[in-house]
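With the first letter of the sequence shown counted as 1, position 161 gets the number 180 in this note's numbering; the numbers rise by one all the way through. Data block below; observations after.
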Amino acid sequence: MEQELEKRFGPGEPVRFFRAPGRVDLMGSHTDYNLGLILAGAVDREIVAAARLRPDGQLNFYSQNLDQEVRTRLPQLRPEPAHGWANYPKGVIHELNKLGFPLTGLDLAVHGTIPVGGNLSSSAALEAVTARAVLDLLKESLAAWETIHLCRRAETDFVGLPCGILDQFTVIMGRPDTALFLDCRSLEYERFPFPADQAALVVINSGVGRELVASEYAGRVAECQKAAEHFRRYRPRVQSLRDVTEADLEAIGPLMPETLFRRARHVVTENRRVREAAAALSRADMAALGRIMEAGFQSSRDDYQISIPELDRLHGIASSLPGVLGTRIAGAGWGGCLISLLQPEVLDNFMKKVVSLYRDKTGRQASAMAVRLGGGPEEIRAEASS
């Protein structure tokens, strides 16, 4: 990557290397923007960046995966559709500039092992690695929570994609073999050891793109806001669906439009499932965690309606294989990936079978990738990027 950067952008300052992970959400589907609870972890798939400062106000970006180059200048930072993926690091630099950090220019080349569009938050990883690289190159620092909020603003305010705090929090706060439990309202969090010797995690990409995510995601956010407003008429204490209890659902649900009730029921019961999942992890009860993941899939499919026929078919195949403890939708849904929890001894057989059976039944090519919970952003030695 160092040679590629110098070939494209010329000689300059010494190049340094940084990494940031993707993430998986173990439980807590669409709860973050409802100020609810999440259980997630950073993974050992990552974006690596080669970076160096420039003195001339030029910003140069290169994606090795896409073989795509984007050039712009510091005074001209605005989101541009033609810049695609580069809008994410541009957004981070824009937010750092607003805070007064003295960036004079940057060359940034990236390479990732996170499947783009696979619900593993490659965008948050790109934001986090950019923030870490720029701050370290400038010999500056931000507290972890400041960096989390900055990266989220880059995505919501600059790029213009609504999101909760799940992705940025998990990517930046990740630790090896550790799951993170976060209260998105209080921002209190807790770490739970994940016993990798007792259970394996596999991300299965359905091979179906997520073209509907932007429009459908915004629609779910709006529906949840409308549902909260409906509850507020009868329960003034309700500020978001986080404040709705299961007793409220039973009492007020019949008075609501069916769609809004189903959205609310998912969020309320999913928050309960997150607590149950954290409790299962605390006692290393992986069978219980798997059952909770299955219940979460059913709620995501039936009440929140973020599944599609291909994901339903893939879920059925995964759930039928021996040694599988549970499977749920990874990320926002509407395509993309599932995540399965399984006994470690069946890992190799599962990864072969789930792909071949899905291909036989749908004609589509899936891919299966074992992941392990990993650490957050850091600087790495140059040879680690090769």
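Even glycine gets a Cβ: it sits at the ideal position worked out from N, Cα and C. Since we're looking at a predicted model, the values are computed, not measured.
| Item | Value |
| --- | --- |
| Could you check which residue in Ser142, Tyr253, Leu78, Ala307 has the C-alpha nearest to that of alanine 266? | Tyr253 |
| Using alpha carbons as the reference points, say which of Ala61, Glu269, Arg239, Phe369 lies closest to leucine 139. | Ala61 |
| Please state if the CB of valine 190 and the CB of glycine 395 are separated by a distance shorter than 9 Å. | yes |
| List, from N- to C-terminal side, the alpha helix (DSSP H) runs of 4 residues or more that fit wholly inside the region 71-128. | 106-117 |
| What's the C-alpha gap between alanine 303 and lysine 371? | 27 Å |
| DSSP on serine 405, reduced to helix/strand/coil? | Confidence in serine 405 is poor, its pLDDT being 44 and thus under 50, which makes the residue's placement too unreliable to answer from. |
| Under 9 Å between the Cβ atoms of valine 148 and arginine 35? | no |
| Any idea if arginine 378 is buried or exposed, counting beta-carbon neighbours within 10 angstroms, 16 or more meaning buried? | exposed |
| In the structure shown, what three-state DSSP assignment does threonine 381 receive? | helix |
| Given a cut-off of 9 Å, decide if methionine 312 and glycine 345 are closer than it, judged by their beta-carbon atoms. | yes |
| Skipping 5 residues on each side, what residues in its chain have a beta carbon closer than 7 Å to that of isoleucine 184? | Asp51, Ile167, Arg171, Cys203 |
| Less than 8 Å between the CB atoms is what I'm expecting for leucine 330 and leucine 357, so what's the real figure, rounded? | 6 Å |
| Put valine 153 into one of helix, strand or coil per three-state DSSP. | helix |
| Which word fits alanine 337, buried or exposed, when buried means at least 16 other C-beta atoms lie within 10 angstroms of its C-beta? | buried |
| Please list the segments of the alpha helix (DSSP H) lying wholly inside the region 255-332, counting only runs of 4 or more residues, in order along the chain. | 265-271, 277-301, 305-321 |
| By how many angstroms is the C-alpha of valine 221 removed from the C-alpha of alanine 215? | 12 Å |
| So, alanine 247 versus leucine 58, is the Cβ gap smaller than 9 Å? | no |
| Below 9 Å between beta carbons: does that hold for lysine 109 and leucine 96? | yes |
| Using alpha carbons as the reference points, say which of Ser141, Pro30, Leu78 lies closest to asparagine 84. | Ser141 |
| So, do the region 38-47 and the region 72-80 have three or more beta carbon pairs nearer to each other than 8 Å? | no |
| When you compare only the Cα positions, how much space is there between leucine 279 and tryptophan 353? | 19 Å |
| Taking Cβ to Cβ, would you say leucine 206 is nearer than 9 Å to tryptophan 164? | yes |
| Please report the residue range of the alpha helix (DSSP H) in which methionine 192 lies. | 185-192 |
| Could you name the residues that DSSP lists as bridge partners for aspartate 202? | Leu56 |
| What does DSSP give as the partner residues of proline 212 in its beta bridges? | Thr197 |
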